[in-house]
Amino acid sequence: MASSVVPASSPLPRHIGIIMDGNGRWAQRNNQFRTQGHLEGLKTAKKIVRAASDLHIQFLTLYVFSTENWKRTAEEVGFIMGLVKQYLKAELDFYRENRIRIRHAGDPGGLPPDIARELAEACEDTRSFEGLQVILALNYGGRDAIVRAVGRWFDSLAKLEHEPLEKRIQEKITEEGIRSCLDNPDIPDPDLIIRTAGEYRISNFLLWEGAYAEYYFSETLWPDWSEADLRAAISAYQQRERRFGGGNP
Ligand code: IPE
Ligand code: IPE
Ligand code: MG
Numbered sequence: 002m003a004s005s006v007v008p009a010s011s012p013l014p015r016h017i018g019i020i021m022d023g024n025g026r027w028a029q030r031n032n033q034f035r036t037q038g039h040l041e042g043l044k045t046a047k048k049i050v051r052a053a054s055d056l057h058i059q060f061l062t063l064y065v066f067s068t069e070n071w072k073r074t075a076e077e078v079g080f081i082m083g084l085v086k087q088y089l090k091a092e093l094d095f096y097r098e099n100r101i102r103i104r105h106a107g108d109p110g111g112l113p114p115d116i117a118r119e120l121a122e123a124c125e126d127t128r129s130f131e132g133l134q135v136i137l138a139l140n141y142g143g144r145d146a147i148v149r150a151v152g153r154w155f156d157s158l159a160k161l162e163h164e165p166l167e168k169r170i171q172e173k174i175t176e177e178g179i180r181s182c183l184d185n186p187d188i189p190d191p192d193l194i195i196r197t198a199g200e201y202r203i204s205n206f207l208l209w210e211g212a213y214a215e216y217y218f219s220e221t222l223w224p225d226w227s228e229a230d231l232r233a234a235i236s237a238y239q240q241r242e243r244r245f246g247g248g249n250p
């Protein structure tokens, strides 16, 4: 049984993923336009990045925009993309000062070209930083990521022309083979996945990588989230007993 006292040695999650949900409801509750909710959500994202960096978390994946979020109105989509661009530019000095590395998960091909460019530049400019790695899941879908990985995997097989196709498929269709073709194969699987705003679903986030993540659901809307909420989620994680299918110790 999980103990209520966290042992001092309980490890921090190496990789945290956050489904930042509830911007629209926050706006509604505060009699504001949805766009204001996204603006507040961005402020929270900045706060949480700082907090994660201060806590020496190694990887933080933020679900910014899903492959399904294109279904929203052109106005809302345009506003969110504008915010992303602004964030990437405005925060560059902060990343430099704190040695934060920016990375992308998702299909850059489906993004407006100026956003894809800004994102690629932020990733390049921060590439050598050894502090917190912030992975922006933007035009990201777990299924899409797997489909694109399989596409890359198949391309890699096609290069091994000297062997018969069946042999190539049999030898290479392994978990490691597929994993190595994901967007960021060097990043460890998330230990902790948080979803805010009282929804209890994954909404296509880190389907492959989240196989053994610990999940934490918070009722608080994302714009109302604070460093204390992050600490509470981490502390809940530290009380979990992870078994990875191995049974009780
Ligand atoms: C999350 O907030 C932000 C994105 C999905 C881009 P929502 O906009 O989904 O907020 P709710 O769920 O409508 O409250
Ligand atoms: C998930 O939130 C996507 C992001 C937070 C970027 P949604 O608000 O899009 O998810 P659903 O529609 O409630 O499942
Ligand atoms: Mg939502």
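So the number in the working numbering is just where the residue sits in the sequence shown, counting from 1, plus 1.
The beta-carbon is built from N, C-alpha and C at its ideal position, and this holds for glycine as well.
E41 has its CB no nearer than 7 Å to any heavy atom of ligand 2. In this structure, I188 and H16 form a Cβ contact; the two beta carbons are roughly 7 Å apart against a cut-off of 8 Å. Counting only runs that start and end inside the region 22-107, the beta strand (DSSP E) elements of at least 3 residues fall at 60-67, 102-106. For R128, DSSP records no beta bridge to any residue.
Restricted to the region 206-237, not a single alpha helix (DSSP H) segment is unbroken, complete and at least 4 residues in length.
For I194, the enclosing beta strand (DSSP E) begins and ends at 193-196.
In the DSSP assignment, G178 falls within the alpha helix (DSSP H) that extends over 176-180. DSSP places Q134 within a strand segment (E or B) once states are collapsed to three. Considering only E228, Q37, A150, the residue with the shortest C-alpha distance to D55 is E228.
Remark: the C-beta of G142 is outside contact range of ligand 3, defined as less than 7 Å to any heavy atom. Three or more Cβ pairs closer than 8 Å define a contact, and the region 117-131 falls short of that threshold against the region 145-164.
When DSSP states are grouped into helix, strand and coil, L158 belongs to the helix group.
It is roughly 21 Å from the alpha-carbon of P12 to the alpha-carbon of I101. The bridge partners DSSP lists for Y201 come to none. Under the 8 Å Cβ criterion, the region 174-184 does not count as touching the region 17-35, having fewer than three qualifying pairs.
The beta carbon of I81 lies closer than 7 Å to those of H39, F66 in the same chain, with the five residues before and after it left out.
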